[in-house]
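Report on the following structure.
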Amino acid sequence: MSRAAARRRAFTLIEAIASVVILSIAVPTMTWSLAQAHEQRVNPVLTSRAEWLATEKLEQIIADRHSTTRGYSYLAVGNYPNEPAVTGFPAYSRAVTFTETTADLSTSGTGYMVVRVDVTWNDGTGTSRTMSISTVVTDYTP
């Protein structure tokens, strides 16, 4: 075999060094991105669960508002205490706030109430997250 043919089939030192440099940049980056994806994969599930917990509390409040035994006057913070650990979901906390307003929803008054439910939890990285859902209830009986 001639020398030219042998040279064409083997790697050169420069090709080997270039391969090592490329791999030394690519492998840690890919490993880091896979680790991040693994940490972040639970966040949509946790956020969805927080949304359901907030919606659950709002539905309870709306049901109390339309109840013949409770009604609009029952809607007060004292009747809906903060939950530092939601039953069945100890990683979540839930708080309810009531703000009486007028029809423009920015001036304080009576007849309209903004109800806000805040759900707090820690995501996959340990960062504290809060989701808030609000609705408006009125002191109106048809």
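In this text, residue positions in the sequence shown follow the numbering used here: the first is 9, and each later residue adds one. Don't be surprised by glycine CBs; every beta carbon is placed ideally from N, CA and C.
{"Query": "Does DSSP put R78 in a helix, in a strand, or in coil?", "Result": "coil"}
{"Query": "In terms of DSSP beta bridges, what is M121 paired with?", "Result": "E108 and V145"}
{"Query": "How is the alpha helix (DSSP H) around A24 delimited, first residue to last?", "Result": "L21 to Q48"}
{"Query": "Sort V53, T115 and F106 by Cα distance to V85 and report the nearest one.", "Result": "F106"}
{"Query": "Buried or exposed: which applies to I69, given that a residue is buried once 16 or more other Cβ atoms fall within 10 Å of its Cβ?", "Result": "buried"}
{"Query": "Straight-line CA distance for T76 to D112?", "Result": "27 Å"}
{"Query": "Suppose you measure from the CA of A24 to the CA of S32; what does that come to, to the nearest Å?", "Result": "12 Å"}
{"Query": "Under the assumption that S140 contacts V125 (Cβ atoms under 8 Å), give the Cβ distance between them as a whole number of angstroms.", "Result": "7 Å"}
{"Query": "With 16 as the cutoff for other CB atoms within 10 Å, does L42 come out buried or exposed?", "Result": "exposed"}
{"Query": "Going by DSSP in three states, R56 sits in which element: helix, strand or coil?", "Result": "The sequence shown places Ser at residue 56, rather than the Arg named in the question. DSSP places S56 in helix when its eight states are reduced to three."}
{"Query": "Indicate the three-state DSSP secondary structure (helix, strand or coil) for D131 in the structure shown.", "Result": "coil"}
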